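Chemist: So the sequences go chain by chain: H and C. Per the numbering used here, the very first residue in the first sequence carries number 679; after that it's consecutive. Per the numbering used here, the very first residue in the second sequence carries number 6; after that it's consecutive.
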Amino acid sequence: MSIGRPLLDVLGLDAWYGDFQALFDISITVAEGEVVAIIGANGAGKSTLLRTIAGLQPRTAGSVSFDGAALAGVPAHRRVGLGISMVPEGRRIFPSLSVEENLLIGAQARRPGPWTVAAVLELFPMLGDKRRRGGSQLSGGEQQTLAIGRGLMANPRLLLLDEVSLGLAPIVVGRIYQALPAIRAAGASVVVVEQDIGQALGAADRVYCMLEGRVALEGGPAELDRDRIAAAYFGMRA
Amino acid sequence: MTTANNLVQGLLLGGLYALFATGLSLMFGVMRLVNLAHGDFAILAAFLALVVVDGTGLHPLLTLAIVVPAMFAVGYLLQRGVLNFTVGGDGLAPVLVTFGLSIILQNVLLELFSADSRGLDAGAIEDTSLALGRLNVGWFPLLTLVTGAAVLAGLQLLLARTRLGRALRATSDDPEAAQLVGVDHRHAFAVATGLAMATVAIAGIFLGIRTTFSPALGPTRLIFAFEAVIIGGLGSLWGTLVGGMVLGVAQTLGAQISPGWGVLTGNLVFLAVLAFRPSGLFGKPVTT
Numbered sequence: 679m680s681i682g683r684p685l686l687d688v689l690g691l692d693a694w695y696g697d698f699q700a701l702f703d704i705s706i707t708v709a710e711g712e713v714v715a716i717i718g719a720n721g722a723g724k725s726t727l728l729r730t731i732a733g734l735q736p737r738t739a740g741s742v743s744f745d746g747a748a749l750a751g752v753p754a755h756r757r758v759g760l761g762i763s764m765v766p767e768g769r770r771i772f773p774s775l776s777v778e779e780n781l782l783i784g785a786q787a788r789r790p791g792p793w794t795v796a797a798v799l800e801l802f803p804m805l806g807d808k809r810r811r812g813g814s815q816l817s818g819g820e821q822q823t824l825a826i827g828r829g830l831m832a833n834p835r836l837l838l839l840d841e842v843s844l845g846l847a848p849i850v851v852g853r854i855y856q857a858l859p860a861i862r863a864a865g866a867s868v869v870v871v872e873q874d875i876g877q878a879l880g881a882a883d884r885v886y887c888m889l890e891g892r893v894a895l896e897g898g899p900a901e902l903d904r905d906r907i908a909a910a911y912f913g914m915r916a
Numbered sequence: 006m007t008t009a010n011n012l013v014q015g016l017l018l019g020g021l022y023a024l025f026a027t028g029l030s031l032m033f034g035v036m037r038l039v040n041l042a043h044g045d046f047a048i049l050a051a052f053l054a055l056v057v058v059d060g061t062g063l064h065p066l067l068t069l070a071i072v073v074p075a076m077f078a079v080g081y082l083l084q085r086g087v088l089n090f091t092v093g094g095d096g097l098a099p100v101l102v103t104f105g106l107s108i109i110l111q112n113v114l115l116e117l118f119s120a121d122s123r124g125l126d127a128g129a130i131e132d133t134s135l136a137l138g139r140l141n142v143g144w145f146p147l148l149t150l151v152t153g154a155a156v157l158a159g160l161q162l163l164l165a166r167t168r169l170g171r172a173l174r175a176t177s178d179d180p181e182a183a184q185l186v187g188v189d190h191r192h193a194f195a196v197a198t199g200l201a202m203a204t205v206a207i208a209g210i211f212l213g214i215r216t217t218f219s220p221a222l223g224p225t226r227l228i229f230a231f232e233a234v235i236i237g238g239l240g241s242l243w244g245t246l247v248g249g250m251v252l253g254v255a256q257t258l259g260a261q262i263s264p265g266w267g268v269l270t271g272n273l274v275f276l277a278v279l280a281f282r283p284s285g286l287f288g289k290p291v292t293t
């Protein structure tokens with residue numbers, strides 16, 4: 679898929695997390711068909727940024743536009759209908775729903791598109807023979823694939839993945855990242871929030887590095903060398 | 006023979022208690038919201054039925070077709086307009102708000118209908134019975150139990166099999182994650198309260214046919230509903246039916262010993278369940 683016009687446009691965004699400001703004047707763009715990684719240390723504001731884009735967190739300044747339209751005042755559940763789907767940190771699988779129901783509820787917004795239960799099970803075959811089990815009976819890696827599958831069932835144009843590799847074995851993380859090309863080929867742009875820099879640089883077209891609520895560095899993986907990333911990541915001057 | 010007869014009457018009475026308890030259980034299950042005005046809404050529904058009967062001459066059971074949808078609407082609007090602002094905190098706010106609602110409802114009903122006891126006259130069905138050997142089973146108590154079981158079965162199917170039920174269960178698990186899949190949690194909560202009020206409307210009308218009612222009766226009914234839910238086990242709809250039956254049997258057998266002992270015996274059984282099996286007969290043990 680060729681990289682096209684801007685799909686997501688975040689401009690001058692401020693957001694507060696309780697009593698302290700979590701985001702300062704954040705501007706990022708995601709083009710149609712692009713995979714963008716957001717890296718940064720704990721508390722850099724990555725998750726807050728994704729939550730603000732998804733509509734779970736109020737912004738205090740700046741704007742979020744999707745496909746050219748401002749999202750101000752659009753609640754989270756309606757953003758799903760517009761094509762923004764978020765896979766939250768910690769998976770957040772619904773424990774009283776079976777694996778299959780967890781997928782089916784992903785289609786609650788009734789957006790048409792390529793992703794169905796069958797298509798998700800083809801992408802993540804390990805879920806297939808567990809579809810009748812309770813959602814919370816899966817291993818951590820299986821839960822993560824289920825959460826991504828649930829997010830795909832909304833047939834998103836923009837998929838937000840928050841901390842997908844947190845707490846998972848490297849081999850499992852590898853398998854999840856192997857699914858990215860298929861997700862992209864089906865027509866979704868992807869934003870991954872990632873603490874694993876190697877993984878992020880390998881998968882993304884562009885990388886933003888956040889530090890203390892600000893964008894400290896931006897560029898393609900090839901343009902960014904280790905020293906610059908380390909400086910932006912930890913706030914040190916190399 | 007008296008004991009066997011009382012046992013049957015108690016089981017049938019359990020149907021009425023289950024009808025009362027279902028909505029309470031549903032609201033707690035979906036929103037962790039304890040509705041202290043639950044019993045008063047049942048009495049409100051009984052008075053609504055009375056107004057419809059007086060105005061149209063309809064049979065009390067036929068007023069269900071009007072009162073149940075009306076109470077669904079009351080529940081939906083109550084949740085959207087008031088209770089949604091109390092959900093998600095420490096659980097104290099909904100208790101205070103519904104306690105206030107309870108007082109308001111009782112006083113409005115008192116103002117409108119006076120403190121007189123009223124009843125809904127359902128005619129012959131109230132005092133005819135089915136002879137089973139030497140047991141006499143009243144048609145109306147039997148109808149109450151069947152209705153209670155049908156309401157529970159319907160609710161169970163709705164929750165387990167439908168798209169709406171899936172959304173309600175997901176919202177109950179995690180309201181924020183539910184928003185991320187496109188569920189409007191405020192709407193889901195309002196539907197849950199609407200359903201709860203619809204079931205309590207059925208309970209109120211059956212109560213009004215079975216016995217007399219007055220504006221101040223709600224809190225007593227609330228206690229029986231609570232006891233049925235706790236005995237059966239939180240989160241188990243069928244447990245609620247069994248809980249209602251256990252309570253009904255305890256009350257009728259207690260009253261057989263001495264008329265004043267009915268309610269007391271019910272309360273003692275409830276206390277025993279709390280002491281020895283706090284998660285109820287069918288509830289899952291509390292893990293968190």
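Where a beta carbon is used, it is the ideal one built from N, C-alpha and C, also for glycine. Note that the coordinates shown come from a computational prediction; the quantities given were computed from them, not determined experimentally.
May I have a chain-ordered list of the alpha helix (DSSP H) segments no shorter than 4 residues that lie completely inside the stretch 139 to 206 of chain C?
Modeler: Taking 4 residues as the shortest admissible run, the stretch 139 to 206 of chain C contains the following complete alpha helix (DSSP H) segments, listed from N- to C-terminal end: 144 to 166, 168 to 178 and 180 to 185.
Chemist: DSSP three-state call for Phe-218(C): helix, strand or coil?
Modeler: To locate residue 218(C), count along the second sequence from 1; it is residue 213. Reduced to three states, the DSSP call for Phe-218(C) is strand.
Chemist: For Ala-136(C), does the three-state DSSP call read helix, strand or coil?
Modeler: Along the second sequence, read from residue 1 onward, the residue named residue 136(C) stands at position 131. Of the three classes helix, strand and coil, the one that applies to Ala-136(C) here is strand, per DSSP.
Chemist: Starting from Val-842(H) and walking both ways along the beta strand (DSSP E), at which residues does that stretch end?
Modeler: The residue you call residue 842(H) lines up with position 164 of the first sequence. Unbroken run through Val-842(H): none, as it is neither H nor E.
Chemist: Tell me, please, whether the CB atom of Leu-185(C) is closer than 8 Å to any CB atom in chain H?
Modeler: Position 180 of the second sequence, counted from the first residue, corresponds to residue 185(C). Yes - at least one Cβ of chain H is within 8 Å of the one on Leu-185(C).
Chemist: So which residues of chain C does Ala-787(H) contact, with C-beta pairs closer than 8 Å?
Modeler: Taking the first sequence and counting its residues from 1, the one referred to as residue 787(H) is at position 109. Val-186 and Gly-187, listed in chain order.
Chemist: By the 7 Å beta-carbon criterion, what residues does the stretch 189 to 208 of chain C contribute toward chain H?
Modeler: Asp-189
Chemist: For Ala-797(H), go through chain C and note every residue whose CB falls closer than 7 Å to its CB, in chain order.
Modeler: On the first sequence, residue 797(H) is found 119 positions in, with the first residue counted as 1. The contacting residues do not exist; Ala-797(H) stays about 17 Å from chain C at best.
Chemist: Are there three or more Cβ pairs, one per stretch, closer than 8 Å when the stretch 208 to 218 of chain C is compared with the stretch 108 to 124 of chain C?
Modeler: Result yes; three or more Cβ-Cβ pairs closer than 8 Å.
Chemist: Work out the CA separation of Gly-285(C) and Gly-109(C) for me, nearest whole Å.
Modeler: By 1-based counting over the second sequence, the position of residue 109(C) is 104. By 1-based counting over the second sequence, the position of residue 285(C) is 280. The residue you asked about is not Gly; residue 109(C) is Ile in the sequence shown. Distance between the alpha carbons of Ile-109(C) and Gly-285(C): 32 Å.
Chemist: Establish whether the CB of Phe-702(H) and some CB of chain C are separated by less than 8 Å.
Modeler: Indexing the first sequence from 1 puts residue 702(H) at position 24. Cβ-Cβ to chain C under 8 Å: no for Phe-702(H).
Chemist: Since Glu-896(H) sits in a beta bridge, which residues does DSSP pair it with?
Modeler: Here residue 896(H) corresponds to residue number 218 of the first sequence, with the count starting at 1. According to DSSP, Glu-896(H) bridges with Tyr-886(H).
Chemist: In the DSSP assignment, what residue or residues form a beta bridge with Pro-684(H)?
Modeler: Reading the first sequence from its first residue, position 6 is the one you call residue 684(H). Partner(s): Ala-709(H).
Chemist: Spell out whether any CB of chain C is found under 8 Å from the CB atom of Glu-890(H).
Modeler: As a position in the first sequence, residue 890(H) is number 212, starting the count at 1. By this cut-off, Glu-890(H) is not an interface position.
Chemist: Kindly indicate which three-state DSSP category Ser-867(H) falls into: helix, strand or coil?
Modeler: The residue you call residue 867(H) lines up with position 189 of the first sequence. Three-state result, Ser-867(H): strand.
Chemist: Please list the partners that Ser-867(H) has in chain C, where partner means a Cβ-to-Cβ separation under 7 Å.
Modeler: Counted from its first residue, the first sequence places residue 867(H) at position 189. What Ser-867(H) touches in chain C: nothing, since even the nearest Cβ is about 17 Å away.
Chemist: Anything in chain H within Cβ reach of Glu-181(C), meaning under 7 Å, just list it in chain order.
Modeler: Within the second sequence, numbered from 1, the residue matching residue 181(C) stands at position 176. At a C-beta separation below 7 Å, Glu-181(C) has these neighbours in chain H: Leu-734.
Chemist: Would Leu-858(H) be called buried (16 or more neighbouring beta carbons within 10 Å of its own) or exposed?
Modeler: Mapped onto the first sequence, residue 858(H) falls at position 180. Leu-858(H) should be labelled buried.
Chemist: Roughly how many angstroms lie between the CA atoms of Pro-834(H) and Ile-875(H), to the nearest whole one?
Modeler: Position 156 of the first sequence holds residue 834(H). Position 197 of the first sequence holds residue 875(H). In a straight line, the C-alpha of Pro-834(H) is about 25 Å away from that of Ile-875(H).
Chemist: If we cut at 8 Å on Cβ distances, does Leu-839(H) have a partner in chain C?
Modeler: In the first sequence, the residue the question calls residue 839(H) occupies position 161. No, no contact with chain C.
Chemist: Since Gly-812(H) sits in a beta bridge, which residues does DSSP pair it with?
Modeler: Counted from its first residue, the first sequence places residue 812(H) at position 134. Paired residues: Ser-776(H).
Chemist: Looking only at its own chain, which residues have a Cβ that is under 8 Å from the Cβ of Leu-16(C), when we skip the five neighbours before and after it?
Modeler: As a working mapping, residue 16(C) is identified with position 11 in the second sequence. Result list for Leu-16(C): Leu-150, Met-250, Gly-253 and Val-254, in chain order.
Chemist: Going by the CB atoms, is the gap between Arg-811(H) and Val-777(H) shorter than 8 Å?
Modeler: The count along the first sequence starts at 1 and reaches residue 777(H) at position 99. The count along the first sequence starts at 1 and reaches residue 811(H) at position 133. It is a contact, given that the beta carbons lie within the stated cut-off.
Chemist: Do you know how far the Cα of Leu-31(C) is from the Cα of Val-82(C)?
Modeler: As a position in the second sequence, residue 82(C) is number 77, starting the count at 1. As a position in the second sequence, residue 31(C) is number 26, starting the count at 1. Looking at the sequence itself, residue 82(C) is Leu, so the reference to Val does not match. Approximately 17 Å, taken between the alpha carbons.
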